[in-house]
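Protein chains in written order, with this note's numbering: chain A, 6 to 200; chain B, 465 to 794.
Every residue gets a Cβ at the ideal spot worked out from N, C-alpha and C, and that includes glycine.
This one's a predicted model, so the numbers in the text were calculated from it and none came from an experiment.
A short write-up of the structure that comes next.
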Amino acid sequence: MAPLPTPPSSTDDPTLSALCRRIRASDRAAFADLFRTLRVSLVRYATSFTGDAAAAHDLVQDVFLKLWQIRTNLDPSQPIQGLLFRMARNRALNLQRNRRRRRAKHDSIRLENDSSLAPVERVDADRLAARLRSWMADLPDRQREAISLTRFQHLSHDQAAAVMGCAPRTVNNHIVRGLATIQARLDAFNAADRA
Amino acid sequence: MKPDLPPDLRDAYNDADAADRAAGLWQALAAAAPDLSGIPSTEDALADLERRLDEPGTASSSATRVRADRPAIRTPRRRRRARWGVGIAAMLLTALTLGQWWAQRAVTLRASLGEQIAATLPDGSTITLSGGTTLTYASGFRALGFRQADTRAVRLNGEAFFEVESGARPFVVSTFNAEVTVLGTRFNVQAHADDRDAATHVVLEEGSVAVSAGEIERAIVLAPGEATVVRASEGIVAPTGPVPVALDRALAWRDGGFVAEAQPLADVLRAVERRYGVTISTAANVSLDRQLTLYLGPRSAGALMNDLALAAGLRVEPRHGGFHVSTTVR
């Protein structure tokens, strides 16, 4: 078997559990290190729920505040990364729910999302990225989450499963289904572009 | 070279062509990672976070955002009239605030040391408080605006037995580290935050309750005759899985019984202090961490301390207003 690709340092558990132990002992420097290691991943992940990076940034700040408040209850034998992702997830889902409620109240008629517009411009790299992003946004929540965790946050299937609270197999199924949907839209898009 | 898929994912495709297409898409998706250019840099965010850590009690950033987003209120043109208006509005607001406060002021029930009290809550639920226990709730279970609150919320420090009237609004007991949510049932909650082995113990006699804690949103649902423990000390706060318990033991305190199951001596002595309103001192060489298990029927404080001494191999002498515990002389 080919050696597994080494994940980036953000999944380096021994370092993280050492940080976790120091944070438990109220070490602010360790807290800052943890923030530097995981913050961007968490913001990206939260963005997959909130849709806008500013809200994701805010909620990740709150997650780290909360982490500091509960530091004495941390368990260094549990992956702290999983805890942070779950905390971000809970907050993102709450935000999503509140927004939905507000939206339902204020304007019952929402704009159709514009990602289904016919392609007109030439597909350069930026446009493709924008398309992919909007197709990602259209995926069911669980599929988008699974792809976001494994692709953008470089979590392994096992780690993603721990964050999402399901079996690694299920994570895999979500990814495969999500990829199939995006592939179909990409094919349709390319065909229309050629015509 | 082919772009690589994560190994688990590659296994999900049985034909090589589909796998290659998926790998191509996988590669392309890298470009679709969310655009984070509009938000503060990690160092700026860290500085902001550290500032907020140093001033406790600051509002969360999402809350401040909402405030900042609100349009500014235009200043009125006719100032003199406006001032009258402001005065009247302020008076009304004060009256309203007072009314609000009165309607939903906090009510505290307290069983002092050595006492056991029974009480009825605004919804007809009845509770029995053990010695040294406080229970707080909003008057009439009301929320702001003279409305009924969404939940019947009580805060418990100590131990109490609940007989909850069924109702549409969930009945929620909060302790220092856990929440017990019920619809109508009989159950016991013990949560002494200052115990050596500080934990919330929940025992269900009848009906159904859900116990949750902290950040981990994993609620444990109990069936009658089951118990769960939420512990503050071991790692992250979370309820243990349900375990069957002997109800007569777990609820013995209501009939004057005294039960300790594998509890540190320090906590057992505290429980005696709370139950009988006595003070217990210990000699320096008494090991307060040793675990003790006791099942005793109703008896006086003196008789209980004698039994405890016998069971634990300790010496107990009566002192003014309490007892002194020491090791047996060799």
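First and last residue of the uninterrupted alpha helix (DSSP H) at B/V750: Segment: none, B/V750 is in no alpha helix (DSSP H) and carries neither H nor E.
### Query
If you follow the beta strand (DSSP E) that B/A622 is part of, which residue opens it and which one closes it?
Checking the displayed sequence, the identity of residue 622 of chain B turns out to be Gly instead of Ala. Element bounds for B/G622: 616-627.
When DSSP labels each residue in this structure, what does A/Q66 get in the three-state scheme? helix
DSSP-derived helix/strand/coil call for B/R569
coil
key: Contacts around B/R739, its chain only, beta-carbon distance under 6 Å, and the 5 residues preceding and following it disregarded   = G595
Would you be able to state if there are at least three C-beta pairs under 8 Å between the segment 490-508 of chain B and the segment 133-147 of chain A?
yes
Can you check which of these residues, A/A34, A/Q66, A/R182, A/A30, is closest to A/V45 by C-alpha distance? A/Q66
- Query: Roughly how many angstroms separate the alpha carbons of A/W73 and A/I28, rounded to a whole number?
  - Reply: 8 Å
_For a contact defined as C-beta to C-beta under 9 Å, what are the partners of B/D512 on chain A?_
Q66
Would you say B/T645 lies against chain A (beta-carbon separation less than 8 Å)?
no
Any idea what DSSP makes of B/N641, helix, strand or coil? coil
*DSSP three-state assignment for B/I581, whether helix, strand or coil*: strand
Any C-beta of chain B under 8 Å from that of A/V181:
yes
* List the residues of chain B that A/S53 touches, going by C-beta distances under 9 Å, in chain order. => P498
Who pairs with B/V736 in a beta bridge, going by DSSP? DSSP, once it has assigned bridges, lists no residue as partnering B/V736.
Closer than 8 Å at the beta carbon, the chain B residues around A/M169:
None at all; the shortest Cβ gap to chain B is about 13 Å.
| Which residues bound the alpha helix (DSSP H) around B/A655? | First-last for B/A655: 650-655, but that is the beta strand (DSSP E), not the alpha helix (DSSP H).
Checklist entry - Which residue comes first and which comes last in the beta strand (DSSP E) that contains B/I684? => result 684-686
Three-way DSSP call (helix, strand, coil) for A/S22 in this model: helix
* Asked: CB-CB under 7 Å to A/T186, same chain, minus the five flanking residues each way: which ones, in chain order?
  -> L144
Taking C-beta pairs closer than 7 Å, name the residues in chain B that A/I187 reaches, listed in chain order. L489
### Query
Does any CB atom of chain B fall closer than 8 Å to the CB of A/R138?
yes
*Of the listed residues B/P703, B/V780, B/T757, nearest to B/T746 (C-alpha basis)*: B/V780
| said: Am I right that B/D712 and B/P762 are in contact with their C-beta atoms under 8 Å? What's the rounded C-beta distance? | reply: Between B/P762 and B/D712 the Cβ distance is about 13 Å, and since that is not below 8 Å, they are no contact.
query: In whole angstroms, what separates the C-alpha of B/E423 from that of A/A35?
result: Residue 423 of chain B lies beyond the range of chain B shown here (465 to 794); nothing can be said about it.
Original post:
Under the rule that 16 or more other beta-carbon atoms within 10 Å means buried, what is B/Y759, buried or exposed?
Top reply: exposed
| If you pair each beta-carbon of the segment 665-677 of chain B with each one of the segment 637-644 of chain B, do three or more pairs fall below 8 Å? | yes
Can A/R105 and A/V168 be called in contact, C-beta distance under 8 Å? no
Discussion item. My assumption, with CB atoms under 8 Å, is that B/V709 sits in contact with B/A683. Please give the rounded CB distance.
Written reply: So it is not a contact: roughly 19 Å between Cβ atoms.
Requested in this report: Spell out the partners DSSP gives B/H665 in its beta bridges.
Outcome: B/Q654, B/V693
message: With a threshold of 8 Å between beta carbons, is B/L517 in contact with chain A?
response: yes
Cβ-based neighbour list, B/L772, same chain, cut-off 6 Å, excluding 5 preceding and 5 following | none
Original post:
Name the chain B residues that come within less than 8 Å of A/P173, Cβ to Cβ?
Top reply: D472
How many angstroms separate the CA atom of B/A554 from the CA atom of B/T561? 10 Å
ask   = Run through DSSP, which three-state label would B/S524 get?
value = Any reading at B/S524 must be qualified, since the residue scores a pLDDT of 44, below 50, and its modelled position is unreliable; no value is offered.
Along the beta strand (DSSP E) that carries B/T598, what are the first and last residues, could you check? 597-602
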